[in-house]
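Numbering (our numbering), first residue to last: 129 to 260. Ideal Cβ placement from N, Cα and C applies to all residues, glycine included. Notes follow once the structure below has been shown.
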């Protein structure tokens, strides 16, 4: 399992790969990316296995920022090889940046895609529970 400090170092390295122009309108106080220690379950979670790995927050007290949930990451990927763990972090951060950019453009394509994926999960979990 990877520590929160190790994860933060990896996340910072990945964040440096992203062009600075894409940070437009992210809260400059913390670089726009926050690593939170918590485990966050999706509200529509059925089997306690649907973790939220990251979220894009628009507006509010901290303005716009990306949250990555360390607890969810180690629950999901804590036992994979280091290269795979870092690649999952990279993938999630890029996913949240797409939400950010779409938010700036007034587009919700990725939100729709995420919703479709959640519906697929719910349908599969209902089938596996024998409820369908």
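{"Check": "Where residue 251 sits in the DSSP three-state scheme", "Outcome": "helix"}
{"Check": "Continuous beta strand (DSSP E) stretch holding residue 180: start and end", "Outcome": "Looking at the DSSP string, residue 180 is not in any beta strand (DSSP E), and its letter there is neither H nor E."}
{"Check": "Alpha-carbon spacing of residue 213 relative to residue 160, whole angstroms", "Outcome": "21 Å"}
{"Check": "Residue 196 - DSSP class collapsed to helix/strand/coil", "Outcome": "strand"}
{"Check": "Whole alpha helix (DSSP H) elements within the segment 192-245, 4-residue minimum", "Outcome": "198-205 and 210-233"}
{"Check": "Nearest candidate by alpha-carbon position, reference residue 132, set 145, 199 and 180", "Outcome": "199"}
{"Check": "Beta-carbon contacts of residue 217 that lie in its chain and below 8 Å, excluding the five residues immediately before and after", "Outcome": "135, 138, 139, 142, 196 and 201"}
{"Check": "Proximal residues to residue 231 (C-beta, below 6 Å), its chain only, five neighbours per side dropped", "Outcome": "186"}
{"Check": "Spatial distance of residue 147 from residue 242 (CA atoms)", "Outcome": "24 Å"}
{"Check": "Per DSSP, cross-strand counterpart(s) of residue 163", "Outcome": "196"}
{"Check": "Bridge partners - residue 169, DSSP secondary structure assignment", "Outcome": "179"}
{"Check": "Endpoints, alpha helix (DSSP H) assigned at residue 135", "Outcome": "132-145"}
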